[in-house]
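Enquirer:
Numbering (my numbering), first residue to last: 727 to 932.
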């Protein structure tokens with residue numbers, strides 16, 4: 727993938743500004759789309775509905791990224807929801823055509839972003855139907871990327887609810903990982919001691 731040189735903020739006037747409070751749904755998985763979003767400020771949570779009915783978080787979108795690119799010409803393959811007050815710009819199909827007529831590079835950058843999302847979705851769908859330890863590794867790494875810190879404040883009840891497994895299962899995985907010096911747990915905090923090794927657990931499975 728090429729070095730990012732295209733700045734969507736320079737062209738947001740082609741879109742439609744939308745200021746949304748926390749917990750606002752941008753779109754739901756399976757809905758027919760007619761456009762996509764650019765996140766200027768705030769945060770958006772991306773989740774998918776697993777085959778067993780559990781809704782699983784697969785990404786946290788930070789400012790400067792596109793959301794829902796597949797909705798330009800097909801159904802959305804995930805659900806997008808703001809986690810905090812956010813400012814977005816919505817690009818309809820016509821908005822995007824107008825932009826590309828002025829700046830052809832927009833189409834290329836859009837394509838790069840769409841390919842990255844398709845790859846992420848393929849990995850997420852595989853991981854979220856994988857064994858509990860793979861799901862757990864993916865979730866902890868996702869939180870690490872979101873917070874930017876290897877120290878995570880999360881309890882085992884939340885984790886067990888996320889992967890749909892018992893606390894006993896989570897505890898057994900953590901015990902093994904502690905013995906392998908992958909994590910440490912103290913005062914209700916999970917310390918990721920080897921983030922790269924944690925990532926390898928789900929990357930190697932796909």
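Positions of the beta carbon are idealized from the N, C-alpha and C atoms, including for glycine.
Put residue 797 into one of helix, strand or coil per three-state DSSP.
Expert: Residue 797 falls in the helix class under three-state DSSP.
Enquirer: Is residue 727 helix, strand or coil by DSSP?
Expert: Caution is warranted here: a pLDDT of 38 is assigned to residue 727, below 50, making its placement in the model unreliable, and the coordinate value is therefore given only provisionally. The answer is coil: DSSP assigns residue 727 none of H, G, I, E or B.
Enquirer: What's the C-alpha gap between residue 768 and residue 858?
Expert: Computed Cα separation, rounded: 31 Å.
Enquirer: Quick one: give me the first and last residue of the beta strand (DSSP E) that residue 889 is part of.
Expert: Counting along the chain, residue 889 falls outside any beta strand (DSSP E), though it belongs to the alpha helix (DSSP H) covering 882-889.
Enquirer: Just tell me which of 755, 906, 764 and 897 has its CA closest to the CA of residue 745.
Expert: For the residues 755, 906, 764 and 897, the minimum Cα distance to residue 745 belongs to 764.
Enquirer: In terms of residues, what are the limits of the alpha helix (DSSP H) holding residue 846?
Expert: From DSSP, the alpha helix (DSSP H) with residue 846 extends over 831-853.
Enquirer: From the DSSP output, in three-state form, read off residue 810 for me.
Expert: The answer is coil: DSSP assigns residue 810 none of H, G, I, E or B.
Enquirer: Between the Cα of residue 754 and the Cα atoms of 742, 775, 766 and 736, which residue gives the shortest distance?
Expert: Cα-wise, what sits closest to residue 754 is 775.
Enquirer: Just to confirm, are residue 759 and residue 817 a CB contact at a threshold of 8 Å?
Expert: Cβ distance not < 8 Å, so residue 759 and residue 817 don't count as in contact.
Enquirer: Going by DSSP, name the residue or residues bridged to residue 745.
Expert: Residue 745 pairs with 813.
Enquirer: Can you give me the start and stop residues for the beta strand (DSSP E) that residue 765 sits inside?
Expert: Where residue 765 is concerned, the enclosing beta strand (DSSP E) stretches over 761-767.
Enquirer: Looking at the strands, I want to know which residues DSSP matches up with residue 758.
Expert: Partner(s): 801.
Enquirer: Looking at the unbroken alpha helix (DSSP H) that takes in residue 781, where does it start and where does it end?
Expert: Premise fails: residue 781 lies in the beta strand (DSSP E), 781-787, not in any alpha helix (DSSP H).
Enquirer: What residue does the alpha helix (DSSP H) around residue 856 start on, and which one ends it?
Expert: Note, residue 856: premise wrong, no alpha helix (DSSP H); not H, not E.
Enquirer: Does the segment 845-865 come close enough to the segment 772-788 to have 3 or more Cβ pairs within less than 8 Å?
Expert: Touching, yes.
Enquirer: For residue 775, which of helix, strand or coil comes out of DSSP?
Expert: Strand at residue 775.
Enquirer: Going by the CB atoms, is the gap between residue 783 and residue 868 shorter than 8 Å?
Expert: Yes, the pair counts as a contact, with Cβ atoms nearer than the cut-off.
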